[in-house]
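Counting from 1 along the sequence shown, just add 137 to a position and that's the residue number in the working numbering.
We treat Cβ as the ideally placed atom computed from N, Cα and C, and that holds for glycine.
Since we're looking at a predicted model, the values are computed, not measured.
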Amino acid sequence: MTQVHFLLLAHWVLSHKTLDLFIFLRYYHRCCHCSQAKFCSEGCSLKAWEIYHQYECGNLDLLQSVGIAHLALKVLLTAGKDQVLKVCSTWGEEIIRDKNIFNKDQPPYTRVYSLLDHIDVMPPEDMFQYSLTASLLVNFLMKRTNLFNDCLLEDVYTVGGVLLKHICQLICNAHAITSIAADHHLQFFSVTTTQESQIRIASAIYPSASMMNHSCDPNIASSFIQGRTLVVRVTTDLNKGSQIFNCYGPHVRRLRRETRQENLTQQYFFECDCNSCEKEAEDGFSFVDTFQALQCSKCSGPIIPDVTKQSFLVNCQDCGKFEDIEVKMRASLQVDQIISVASNFLEEGRTANALEILSQGYKIGSQHLFKYNSDYGQMCDMLGRCYAVLGNFDEAIHYVHESMNYVEQRFGETSIEYARELRKLSDLLKLCTGAKSHEQAMIIAMEKSDRILKLYENENS
Ligand SMILES: *[C@@H]1O[C@H](CO)[C@@H](O)[C@H](O)[C@H]1NC(C)=O
Ligand SMILES: *[C@@H]1O[C@H](CO)[C@@H](O)[C@H](O)[C@H]1NC(C)=O
C-alpha cells in the first residue's frame, strides 16, 4: 500500500455519475471565493487554501487547460517553495534514485524529486512544449499570485526549472486513480467486451509504485482506499523472488505488439522485451489478432488474415494448412453487418427480429469464424440477451457460456470483463428456478465473480 501526497482530480469527475469513489463529493463544501473548487469539509477547504488553493483560486480554467502540468504545479505548491529550493540545492542533479524513492523516511517531496524525468532523451519538440508550459506557469505565478513576492529572480528561475522537471517526470510516472466503470445496463446484459472496464478519476503520483517495471501482461491489479491509498495485489500465484510487473498503459490484451512498442518508446523511452512481446515477435502475430481470426476448415484453428498481403491464401496457425480465405472473409463482413443490424433492433426493442437475424449470423459464424473471434463472441452475447428477454433462460445460459469462453480468453480469468460475464450467468441461473444443479452453479459463478472483483474494488470507508 502506498499513500498519495499529490493528486489531481479529472475535470469531469464533479459531473460524472460514478462518484462513489469519493464519498465526499456528495457532501462537498465549495470554496467561498471561486465556485469551482469543492472540498469534503470546511476544515479540508481551509487546509487546501493554506497549501495550494490560494494560488489556484479563480484560475482553475487556465490551470485545467495545461493537463498534467497542473499536477506538476500542485506538487510544487504542496511541497512549498522553501522545501523545493532546499531540495534543489541539496540534491541538484546528483540523485540517489532507488535509495530515495523507496525510503519512507525521506519526505514525500524528495521521493518525487528523485523519480526519472528522461529529460536527456526527450525529443526537442516535446521539450519545447513542456518548457513553454513551465514558463507559462511561472509567469502566471508571478503575475497573479504572491508566491514569489520575497524571492530572488534566481529562485524564480529555479522554480521554473523544477516545474519543467516535474512535468517531464509526470509524463512517465503519473498514476491513474481508477474506478470500475459503473455499467448502467449491466443490470442485465450489455456487450461488455467493447467497454472500458475502468475509468480514470484522477491522476496522482506514487513514487514507490513508479518503481515497478512494465510488462504488457502485468501480474498485478490496483485499487484504491478512499481514493488515496493505492493497493497493489498480485493476480496470480508467484514464486518467491519473481518480479512484480505493472502495465504502463499498452496491454497485450488490447493492442497489437507494434502499437504497444511505439507507445512505450515514445512515452517511456524503452523497448519492451516482456514475455508477451518476445512471444509475439516469435509467432509473427499479436495476441489480439487471434480475435479477428477465421476458422480453418481442416482443424477449426485460427487463420489470421494478413491485410498487408495481396493474397487470399493464408495458413492456419495450428495445423499450418494453407487455405483460400476469400469466402470466409466475405462471411466475416456479413457477420459484421448482422451485428450492426441486430444492435439496432435491440435498441428499438425488436427482440424477435434481432433473434432471427442473429441466428443466421451464428450459423455463418460457427462455420467461418474462429471460436474466439470477437464478432462471434459478441453474437453469442447478443443471442443470450435475446433469449433472456424472451424468457427462454436455458437457451440464454447456453449462449452466455459461449460468450464467456470468448471473454475469458480475450481478457483473462482475473479480468473485470470476465467477472461481469460470471455475474450475468449467475443472474440467469437465478431466474431458472428448479434444478438443484443450477443453484450450485449460480453460487459458484457468483463467488468467482466476487473474488475477481475484490482485486479491483475500491474501498471508501
Ligand atoms: C526492473 O528491471 C531492472 C532491469 O531489469 C532491474 O534491475 C530492477 O530490479 C527491476 N525493478 C524491480 C522493482 O523489480
Ligand atoms: C500511449 O497509450 C496511452 C493509452 O494507453 C495514451 O494515453 C498515450 O497518449 C499513448 N502515448 C503515446 C506516446 O502514444
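How about asparagine 481: is its Cβ closer than 6 Å to a heavy atom in ligand 1? no
Could you check the C-alpha separation between threonine 488 and phenylalanine 482 for me, to the nearest Å? 7 Å
Host beta strand (DSSP E) of serine 316 (start-end): 312-317
Asparagine 452: CB within 6 Å of a non-hydrogen atom of ligand 1: no
Phenylalanine 335, enclosing beta strand (DSSP E) - first and last residue: Here residue 335 is glutamine; the residue named in the question, phenylalanine, does not match the sequence. Taken as a continuous stretch (DSSP letters only), the beta strand (DSSP E) holding glutamine 335 covers 335-342.
Going by DSSP, what residues sit across from arginine 167 in a beta bridge? Lys175
Using DSSP bridges, identify the partner residues of leucine 144. Ala341
Identify, in the order they occur along the chain, each residue of the same chain with its Cβ nearer than 6 Å to the Cβ of phenylalanine 459, setting aside the five sequence neighbours on each side. Leu450, Asn452
Whole-angstrom Cβ separation of valine 371 and asparagine 383, contact assumed at under 8 Å? About 11 Å; that fails the 8 Å criterion.
Cβ-based burial, cysteine 169 [other Cβ within 10 Å; buried from 16]: exposed
Can you tell me which of His190, Ala572, His312 puts its alpha carbon nearest to the alpha carbon of leucine 210? His190
Between which residues of its own chain and leucine 274 is the CB-CB distance below 6 Å, once the five residues before and five after are set aside? Leu210, Leu300
Cysteine 517 versus lysine 573: straight-line alpha-carbon distance, rounded: 25 Å
Among the residues of its own chain, which have a CB less than 8 Å from the CB of isoleucine 440, if the five just before and after it don't count? Ala430, Leu431, Gln432, Cys433, Val451, Asn452, Cys453, Gln454, Glu460, Ile462, Lys465, Phe507
Among Gln404, Leu284, Thr315, Ser251, whose alpha-carbon lies nearest the alpha-carbon of isoleucine 362? Thr315
Using a threshold of 6 Å, is the CB atom of methionine 348 nearer than that to any non-hydrogen atom of ligand 1? yes
Label isoleucine 336 either buried or exposed according to how many other C-beta atoms from any shown protein chain fall within 10 Å of its C-beta, with 16 as the threshold for buried. buried
With respect to the beta strand (DSSP E) encompassing valine 389, which residues constitute its N-terminal and C-terminal limits? That residue, valine 389, is in no beta strand (DSSP E); it is neither H nor E in DSSP.
Just the C-alpha distance for lysine 154 and alanine 339, rounded to the nearest angstrom, thanks. Here lysine 154 scores only 37 on pLDDT, less than 50, and its place in the model should not be relied on; the value that follows carries that caveat. Those two C-alpha atoms are separated by around 15 Å.
Span of the alpha helix (DSSP H) holding valine 478? 463-484
If you compare alpha carbons, which of Asp292, Cys456, Gly502, Gly486 is closest to glutamine 474? Gly502
By Cβ distance, which residues of its chain are closer than 6 Å to valine 293, with the 5 residues on each side in sequence left out? Phe285
How would you label serine 182, buried or exposed, when you count the other beta carbons within 10 angstroms and need 16 or more for buried? buried
Need the endpoints of the beta strand (DSSP E) that alanine 572 sits in, please. Taken as a continuous stretch (DSSP letters only), alanine 572 belongs to no beta strand (DSSP E), as it is neither H nor E.
Just reading off the beta strand (DSSP E) that alanine 358 is part of, what are its end residues? 357-362
Where threonine 373 sits in the DSSP three-state scheme: coil
Could you check what DSSP says for isoleucine 501 in three-state terms: helix, strand or coil? helix
Glutamine 515: beta carbon under 6 Å from a heavy atom of ligand 1? no
Would you check if there are 3 or more beta carbon pairs closer than 8 Å linking the stretch 410-427 to the stretch 341-354? yes
Cβ-based burial, leucine 559 [other Cβ within 10 Å; buried from 16]: buried
Would you say the beta carbon of glutamine 380 comes nearer than 6 Å to a heavy atom of ligand 4? Absent from the structure shown: ligand 4. Ligands present: ligand 1 and ligand 2.
Throw me the rounded Cβ distance for the leucine 520 and tyrosine 499 pair, which I believe falls under 8 Å. 6 Å
Proximity of threonine 227 and asparagine 237 at Cβ, strictly below 7 Å: no
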